[in-house]
Each structure stands twice: as C-alpha cells, then as structure tokens.
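Trainee: For the sequence shown, our numbering begins at 123 and goes up steadily by one.
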Amino acid sequence: MKKILAASQLEIGYRSTNGLKKAVGPIDFEMREGECVGLIGESGAGKSTLALEILGLLGWKSGERVAGRLDLYIKRDEIAYIPQDPHASLDPLCSIGDHFREIAKKNSLIGKTLEQVRLPLDKISLRSYPHELSGGMKQRVLIAMALLRQPKLIVADEPTSSLDVTLQADIMDLFRQIHGGGIAFLFVTHQVPLTRDFCERVVIMRSGIIAEQGPLPHLFSNPANPYTRMLIDSVPRLCLS
Numbered sequence: 123m124k125k126i127l128a129a130s131q132l133e134i135g136y137r138s139t140n141g142l143k144k145a146v147g148p149i150d151f152e153m154r155e156g157e158c159v160g161l162i163g164e165s166g167a168g169k170s171t172l173a174l175e176i177l178g179l180l181g182w183k184s185g186e187r188v189a190g191r192l193d194l195y196i197k198r199d200e201i202a203y204i205p206q207d208p209h210a211s212l213d214p215l216c217s218i219g220d221h222f223r224e225i226a227k228k229n230s231l232i233g234k235t236l237e238q239v240r241l242p243l244d245k246i247s248l249r250s251y252p253h254e255l256s257g258g259m260k261q262r263v264l265i266a267m268a269l270l271r272q273p274k275l276i277v278a279d280e281p282t283s284s285l286d287v288t289l290q291a292d293i294m295d296l297f298r299q300i301h302g303g304g305i306a307f308l309f310v311t312h313q314v315p316l317t318r319d320f321c322e323r324v325v326i327m328r329s330g331i332i333a334e335q336g337p338l339p340h341l342f343s344n345p346a347n348p349y350t351r352m353l354i355d356s357v358p359r360l361c362l363s
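The structure is reproduced here in structure tokens:
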C-alpha cells in the first residue's frame with residue numbers, strides 16, 4: 123500500500139502571550155492507503171493537535187509547525203474531518219439540506235450518501251434544522267458530509283464521545299462498513315475498547331510524543347511501554363457472578 127502521509131521529526135507548538143509552547147514532538151508517524159489507525163491517549167496527549175496539523179487547520183488554533191516535516195501524498199481536499207461534538211459543529215441557522223449543498227449540489231448524490239449512513243430521506247427531511255435532530259442523527263449527518271467529499275482519508279476526532287453506548291456501537295459499525303469500502307481512517311480516541319475491532323494499527327501518545335505504536339493485536343497483548351500497559355489495564359472488565 124502506498125503512503126498517504128508521513129511525519130518526520132515533527133514538532134508542533136502554540137503561540138501565546140508567554141511565547142511558544144511545544145505541544146507535540148518530535149514524532150515520526152505515517153499512514154498508508156486504506157489503513158485504519160487508532161490514535162490513543164489521555165486528554166492533553168497531543169492527539170487533536172496532530173489531527174489538526176494533518177487537516178491543515180492548526181493555524182486556526184494559533185498553532186504552528188516548529189520543526190520537522192509532514193508530507194502528504196494525497197490532496198488536502200481528499201481528507202475529510204468528523205469532529206467531536208455534532209451539536210457544536212452544525213450551523214443552527216442552516217437547514218440540513220443547506221449543509222449538504224455546500225459540498226454537493228445534486229440531491230441524488232445527497233440521498234445516496236444518506237442511505238449509506240443509514241439515514242434515508244424517509245427518516246430525515248433536508249428542510250430540517252439541527253435542533254430538530256437527535257444526537258445520533260446529527261453525528262450521521264456529519265459522517266455523510268465527510269463522505270460527500272469523496273475522501274481517501276477520514277480524520278475522526280473522538281466522534282462517539284457525546285453518544286450513549288448503544289449509539290456508539292451503531293456508529294462504530296457504520297465506520298467499519300465505510301472503512302471496508304477502502305477509505306483510510308485516523309481514529310482519534312481516549313477509549314481503548316473502541317479500537318479493538320476497528321483499527322489495524324494503534325499509536326499511543328503521551329505528553330506530546332509517541333510512547334508506542336504497532337499492529338493492534340500484538341501491541342495490546344505484548345505492550346513494551348508501561349504507559350501502554352496502564353491504558354490497557356484501565357479498561358473496565360465485565361464481572362458476572
């Protein structure tokens with residue numbers, strides 16, 4: 123599989139009144155066509171900062187590349203983004219149809235994509251506004267908006283964190299279906315169990331650096347880094363009496 127991105131000794135920082143504060147790096151990281159990579163770590167580990175750099179959105183957060191390289195082997199407009207909070211990510215003054223038509227003009231393509239995310243037009247009206255939709259429906263709208271861009275890579279930043287367990291399972295099942303169609307995923311999460319049946323490879327971040335990375339089954343069964351072991355051991359286990 124061909125590379126779609128590669129970071130080499132990448133360092134990222136944020137500007138403030140106190141100067142530049144490094145948030146990520148140095149790190150080496152790459153992804154290949156059709157691959158699903160789980161980017162795992164606690165809050166503040168630098169996961170979202172790395173995702174924003176890949177998306178080209180870091181400047182909006184007063185961030186900048188300090189050192190190193192990030193090489194993209196696909197076009198930036200072939201990368202789609204699914205943000206964490208569907209409630210804050212949709213314009214409350216625009217209808218769902220308006221959101222879609224900013225990306226694709228043809229209603230037939232919009233309808234086909236809604237079918238793909240299991241939100242057919244007999245369940246949702248394009249004239250609806252975000253406040254009229256449930257949390258799960260809003261998340262599916264964001265996924266549909268990402269798919270309308272016909273991406274080669276989807277960056278999903280904590281995309282299930284605002285959903286209950288049942289809806290999480292539905293969305294993860296949908297992601298597996300989409301990934302099965304050949305789209306690469308960078309799945310950013312602090313929830314280790316969500317990566318088990320989805321990601322081929324995981325990257326563990328801590329305090330802005332990569333603590334460990336490798337194929338998921340091997341890394342989870344034989345972690346070399348104590349932090350990785352701590353993350354795995356912290357996953358609650360169901361106890362039945």
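Glycine included, C-beta positions come from ideal geometry on N, C-alpha and C. A quick note: this is a predicted structure, and the numbers were derived from the prediction, not measured.
DSSP has residue 203 in a bridge; who is on the other side?
Mentor: The partner list for residue 203 (beta bridge, DSSP) reads 277.
Trainee: To which residues of the same chain is residue 202 closer than 6 Å at the C-beta, ignoring the five residues directly before and after it?
Mentor: Result list for residue 202: 268, 271, 273 and 276, in chain order.
Trainee: For the beta strand (DSSP E) holding residue 342, just list the boundary residues, first then last.
Mentor: Premise fails: residue 342 lies in the alpha helix (DSSP H), 338-343, not in any beta strand (DSSP E).
Trainee: Between the beta-carbon of residue 314 and the beta-carbon of residue 357, is there less than 9 Å?
Mentor: Result yes, Cβ atoms of residue 314 and residue 357 sit closer than 9 Å.
Trainee: Given a cut-off of 9 Å, decide if residue 145 and residue 134 are closer than it, judged by their beta-carbon atoms.
Mentor: Yes, these two residues count as a Cβ contact at 9 Å.
Trainee: Which residues share a DSSP beta bridge with residue 331?
Mentor: 328, per the DSSP bridge assignment.
Trainee: Please confirm if the stretch 124-144 is in contact with the stretch 291-298, defined as three or more CB-CB distances below 8 Å between the two stretches.
Mentor: These segments do not touch.
Trainee: Rounded to the nearest angstrom, what separates residue 266 and residue 165 at their Cα positions?
Mentor: Rounded to whole angstroms, residue 266 to residue 165 spans 27 Å at the Cα level.
Trainee: Confirm, please, whether the CB-CB distance from residue 127 to residue 196 is below 9 Å.
Mentor: Contact flag set, yes.
Trainee: Can you grab the Cα-Cα spacing for the pair residue 246 / residue 264, in whole Å?
Mentor: Residue 246 and residue 264: Cα-Cα distance of roughly 14 Å.
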